[in-house]
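**Student:** Here the protein sequences come in this chain order: Y and U. Numbering-wise, my numbering comes out as the position in the first sequence, counting from 1, plus 87. Numbering-wise, my numbering comes out as the position in the second sequence, counting from 1, plus 87.
There are 2 protein chains.
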Amino acid sequence: MDSEEMKWRSACPICSALDVLGDRWTMLIVRDLIVHGPRTYSELLDSPEGIATNILADRLSLLSSLMLVERVNPDSPARNNAFRLTKGGEALRPVLEGLGKWAQVNLKNFHQDMLRMPDSPKKRK
Amino acid sequence: MDSEEMKWRSACPICSALDVLGDRWTMLIVRDLIVHGPRTYSELLDSPEGIATNILADRLSLLSSLMLVERVNPDSPARNNAFRLTKGGEALRPVLEGLGKWAQVNLKNFHQDMLRMPDSPKKRK
DNA sequence: GCTTTAAACTTGCAAAATGCAAGTTAGACT
DNA sequence: AGTCTAACTTGCATTTTGCAAGTTTAAAGC
Numbered sequence: 088m089d090s091e092e093m094k095w096r097s098a099c100p101i102c103s104a105l106d107v108l109g110d111r112w113t114m115l116i117v118r119d120l121i122v123h124g125p126r127t128y129s130e131l132l133d134s135p136e137g138i139a140t141n142i143l144a145d146r147l148s149l150l151s152s153l154m155l156v157e158r159v160n161p162d163s164p165a166r167n168n169a170f171r172l173t174k175g176g177e178a179l180r181p182v183l184e185g186l187g188k189w190a191q192v193n194l195k196n197f198h199q200d201m202l203r204m205p206d207s208p209k210k211r212k
Numbered sequence: 088m089d090s091e092e093m094k095w096r097s098a099c100p101i102c103s104a105l106d107v108l109g110d111r112w113t114m115l116i117v118r119d120l121i122v123h124g125p126r127t128y129s130e131l132l133d134s135p136e137g138i139a140t141n142i143l144a145d146r147l148s149l150l151s152s153l154m155l156v157e158r159v160n161p162d163s164p165a166r167n168n169a170f171r172l173t174k175g176g177e178a179l180r181p182v183l184e185g186l187g188k189w190a191q192v193n194l195k196n197f198h199q200d201m202l203r204m205p206d207s208p209k210k211r212k
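1. By the criterion of Cβ-Cβ separation under 9 Å, what are the contact partners of ARG111(Y) in chain U?
2. Indicate the three-state DSSP secondary structure (helix, strand or coil) for LEU172(Y) in the structure shown.
3. Closer than 7 Å by beta-carbon distance: list the chain Y residues that pair up with VAL182(U), in chain order.
4. Give the secondary structure of ARG158(U) by DSSP, where H, G and I count as helix, E and B as strand, and everything else as coil.
5. Over the uninterrupted alpha helix (DSSP H) stretch that includes LYS102(Y), give me the two end residues.
6. Give me the residue from TRP112(Y), ASN167(Y), LEU155(Y) and LEU115(Y) with the minimum Cα distance to VAL192(U).
7. Which same chain residues end up closer than 7 Å to ARG180(U) when comparing Cβ atoms and leaving out the 5 residues on each side of it in sequence?
8. Specify the secondary structure class of ARG118(U) as computed by DSSP and reduced to three states.
9. So what's ARG111(U) in DSSP terms, helix, strand or just coil?
10. In the DSSP output, what is ARG166(Y) paired with across the bridge?
11. Against chain Y, with Cβ distances strictly below 7 Å, would PRO100(U) count as a contact?
12. Could you name the residues of chain Y that VAL192(U) contacts, counting a contact when the two beta carbons are closer than 9 Å?
13. What in chain U is Cβ-close to ASP200(Y), meaning under 7 Å?
14. Looking only at DSSP bridge pairs, what is ARG126(U) linked to?
15. Helix, strand or coil, according to DSSP, for ILE138(Y) in the structure here?
16. Would PRO135(U) pass as an interface residue toward chain Y - the criterion being a Cβ-Cβ separation below 7 Å?
17. Cβ of ARG118(U) less than 7 Å from any chain Y Cβ?
18. Just to make sure I have the definition right: I need the residues of chain U whose C-beta is within less than 7 Å of the C-beta of SER90(Y). Which are they?
19. Thinking C-beta only, is VAL159(U) closer than 7 Å to ARG146(U)?
20. Contact defined as beta carbons within less than 8 Å: I believe GLY187(Y) pairs with ILE101(U). What is the distance between those atoms, to the nearest angstrom?
21. Does the count of Cβ pairs from the region 109-120 of chain Y and the region 134-154 of chain Y closer than 8 Å reach three?
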């Protein structure tokens with residue numbers, strides 16, 4: 088998937104944001120990059136929610152083509168070459184913080200086990 | 088769908104927010120209720136993005152069970168009985184505004200036709 | 001009060017997205 | 001040179017979405 092094949096449902100900016108971010112996984116990848124800083128493919132795979140490898144690859148490719156995420160070393164091979172947020176991706180930080188705070192206040196009656204802060208990832212292997 | 092059968096992927100608040108709102112349609116319904124105020128089922132159907140009737144019914148039922156949306160007249164029949172945001176739903180306003188502003192700045196190079204403000208809905212029939 | 005109308009859904013099925021397991025590739029390390 | 005393993009890709013089952021059609025029911029008109 089890349090930005091050429093994006094389908095924009097309308098001219099509404101909120102809808103356009105959701106055309107990019109409105110699925111089960113994309114914002115969780117952004118969350119990991121906000122919380123942990125630059126992160127490799129395997130580290131992103133290790134998040135507790137358990138994203139599938141094909142979905143992770145697809146979403147990283149979309150986020151890259153929209154210049155929201157980039158490789159730390161653009162000219163080096165993929166192995167151990169972490170992804171990080173660009174300025175545009177980093178600009179989502181207040182939005183995600185707002186979502187987290189909203190959930191803590193407004194979903195606490197439905198999800199008893201919710202944490203105060205994002206939890207750290209499990210060790211891999 | 089109702090809140091009993093919600094699957095929470097993790098204890099992370101951001102993830103929990105996305106468990107509820109992280110799909111193609113839910114936040115667009117919230118957007119319509121923020122922009123227009125109380126709105127009937129048919130009015131919500133008329134939004135320019137074209138949500139399907141079964142998806143709209145399903146999402147309204149989920150939002151209702153999470154007490155984010157309610158009927159204007161709780162004890163009256165459904166016909167012409169609009170939905171509106173509860174206090175919890177209304178609390179998403181700054182998040183959606185943030186998303187819209189983010190998109191205007193960060194997606195403008197990829198979506199030339201994006202508007203400055205959400206557009207008004209088409210007339211029905 | 002009986003019929004008609006239309007808003008508010010529900011249902012059934014096709015199409016697309018997601019989830020899962022397994023396989024492939026290529027650079028780094030010895 | 002050979003092995004290892006991170007970073008993917010592929011194939012297929014399952015789930016979610018999209019679309020068209022059908023159903024229900026309060027209310028408006030006669």
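For glycine and all other residues, C-beta sits at the position ideal for the given N, C-alpha and C.
**Tutor:** So, from the listed chains and residues:
1. Ordered by position in chain U, the residues that pass the 9 Å Cβ test against ARG111(Y) are ARG96, LEU105, ASP106, GLY109 and ASP110.
2. Strand, per DSSP.
3. Correct list: VAL182, GLY185, LEU186 and TRP189.
4. Strand.
5. Lys is not the amino acid found at residue 102(Y); the sequence shown has Cys there. CYS102(Y) -> alpha helix (DSSP H) spans 100-108.
6. Of all alpha-carbon atoms in TRP112(Y), ASN167(Y), LEU155(Y) and LEU115(Y), the one lying nearest the alpha-carbon of VAL192(U) is that of LEU155(Y).
7. Excluding five sequence positions before and after ARG180(U), the CB atoms of its chain that fall closer than 7 Å to its own CB belong to ILE121, given in chain order.
8. ARG118(U): helix per DSSP, three-state reduction.
9. Secondary structure of ARG111(U) (DSSP, three-state): coil.
10. Partner residues in a beta bridge of ARG166(Y), as assigned by DSSP, do not exist.
11. Answer yes: the Cβ-Cβ gap between PRO100(U) and chain Y drops below 7 Å somewhere.
12. GLY175 and ALA178, listed in chain order.
13. Contacts between ASP200(Y) and chain U, judged by CB atoms closer than 7 Å, involve ALA98 in chain order.
14. ARG126(U) pairs with PHE170(U).
15. Residue state, collapsed to three classes: coil.
16. Judged by the 7 Å Cβ criterion, PRO135(U) is in contact with chain Y.
17. Yes, its Cβ sits closer than 7 Å to a Cβ of chain Y.
18. Result: PHE197.
19. At the C-beta level, ARG146(U) and VAL159(U) stay beyond 7 Å of one another.
20. For a cut-off of 8 Å, the C-beta gap from GLY187(Y) to ILE101(U) is around 4 Å, short enough to register as a contact.
21. Yes, they touch.
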